[in-house]
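So for the sequence shown, our numbering puts the first residue at 11; every next one is plus one.
Here a beta-carbon is modelled for each residue, glycine too, at the ideal position from N, C-alpha and C.
First comes the structure, then the notes that go with it.
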Amino acid sequence: MLLDAYEQEAQLNVFGAHAAKWDVLRCLSNLLRFDAEEEQDPGVLAEPIEAPIFITGLPRAGTTLLHSLLAEDAMLLVPRCWQTMSPYPGGGRDARRQRVESQLRMFQRLAPEIASLHALSADAPQECTEITAQVFQSVRYEATHRVPSYQRWLDSHGHLAAYRFHKRFLQHLQHQSRALPWVLKCPDHIHALKAIDAVYPDARFVFFHRDPLHVIASASKLTEVLRRPFTRKIDKGEIGRQVTARVREAAEVMISRSRATSERILHIHYLSFSRNPLGTVEQFYSHFGMQISEATRGRIAAHLVSARTPKNRYDMNEFGLEPSELCRQFMPYVEQFGVARELAAWNTASAHASLAA
């Protein structure tokens, strides 16, 4: 399905075709290496992955920063970018970090706008879409390419097989390290909660909330920037519609889950997190019954000093987005969770709602 979508829908340019071929071969090579490692050491698949924590919710809402802060804790495991790209070293000197860093720098030259939207680093924590991409069942492909038929197939196929492999992948990484709690991050986990519950019955979750109008505008821009180096044509209106549909689905899932309150879920609001990130980290540890060391506090504080969050402005019209219609669609979500309204469009929508009442 993916290869057909690449050929028929993605409108790949020369670089895009080369990159897609390289990516497919890399994933297949990793799968062969996993088979070989398991044959040599069957104990890999006996590694216990216990009570992992999945950071998810709306995109562009603070998930990346929280994951990066938690990665400062040496008593937690996070999948690093270089590990997800190349989980085992080749022969000779292990140059995986340097190789992945070079690849990221090349992508930054092709997509210079990415620097203000999403920081790239080989050693940074990586989203789990890169893990499930190894078995070609990942929304990562839609983020970087126009592949609507593939995405329809993935949505109808379900995510169980992908998350069974996800666990297998973590077992391989953990076998090279030690058994510690995993903290995993991807906004798109929200679309696969049933599969996660099936594979990880003791899984815990962090749900991030933010003004959906800002989320949709920001995620649309990021999708455009990610796709542009690989394709001959960009349809911004189509991107806006695709992102809106995914965010609406995520909001509906969180509303549904909220009806059954659970200590397994911690809700975090973007504005509260941005105003007091260290306090939010403390809340994370407290909620899940974990201890944070003074050394970890110090590293997190230093990370926050060095971290810079660029302020971006987004033109909703650029992606064919109608603020008043989005306000109408997402009002139930905003009211359900008391989400702070960052954009002025909500004032008009609220006035119209009052008049209608």
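If you look at residue 214, you'll find it in the beta strand (DSSP E) that goes 214-219.
A distance of 7 angstroms or more separates the beta carbons of residue 94 and residue 48. Inter-residue distance for residue 165 and residue 111 is about 32 angstroms (C-alpha atoms, whole angstroms). The C-beta separation of residue 121 from residue 235 comes to about 5 angstroms, placing the pair in contact by the 8 angstroms criterion. CA-to-CA, the gap between residue 265 and residue 213 works out to about 19 angstroms. Separation of the CB atoms of residue 65 and residue 204 is rounded to 18 angstroms, and the pair is thereby denied contact status at 8 angstroms.
Boundaries of the alpha helix (DSSP H) harbouring residue 265: 246-268, taken from the DSSP string. Proximity to residue 355 across 336, 324, 346 and 80 peaks at 336, based on C-alpha coordinates.
When DSSP states are grouped into helix, strand and coil, residue 169 belongs to the coil group. Within a 10 Å sphere around the beta-carbon of residue 186 sit fewer than 16 other beta-carbons, which makes this residue exposed.
Residue 276 sits in a strand when the DSSP states are folded into three classes. Per the Cβ contact rule, the segment 280-294 is not in contact with the segment 249-264 (fewer than 3 Cβ pairs under 8 angstroms). Between residue 132 and residue 107, the gap from beta carbon to beta carbon is short of 7 angstroms. Around the beta carbon of residue 294, 16 or more other beta carbons lie within 10 angstroms, which makes this residue buried.
At a Cβ-Cβ threshold of 7 angstroms, residue 16 and residue 30 count as neighbours. CA-to-CA, the gap between residue 296 and residue 41 works out to about 38 angstroms. Residue 301 is classed as exposed because its beta carbon has fewer than 16 other beta carbons within 10 Å across all chains shown. Distances from the CA of residue 241 to each of 50, 152, 332 and 51 were compared; the closest alpha carbon is that of 152. Per the coordinates, the alpha-carbon of residue 118 lies some 28 angstroms from the alpha-carbon of residue 159. A distance of 7 angstroms or more separates the beta carbons of residue 230 and residue 340.
Closest by C-alpha distance to residue 225, out of 68, 179, 334 and 18, is 68.
In the DSSP assignment, no residue is bridged to residue 231.
For residue 289, the enclosing alpha helix (DSSP H) covers residues 287-297. In the DSSP assignment, residue 241 falls outside any alpha helix (DSSP H) and carries neither an H nor an E. Here DSSP, grouped into helix, strand and coil, assigns residue 333 to helix.
Considering only 85, 90, 61 and 60, the residue with the shortest C-alpha distance to residue 74 is 90. The DSSP assignment places 73-80 and 91-95 as complete runs of the alpha helix (DSSP H) inside the segment 44-108, in order along the chain (cut-off: 4 residues).
In the DSSP assignment, residue 127 falls outside any beta strand (DSSP E) and within the unbroken alpha helix (DSSP H) covering 124-127. Between residue 233 and residue 244, the gap from beta carbon to beta carbon reaches 7 angstroms or more. Taking C-beta separations shorter than 6 angstroms and ignoring five residues to either side along the sequence, the partners of residue 87 in its chain run 190 and 192, following chain order. Looking at the DSSP output, residue 193 bridges to 63.
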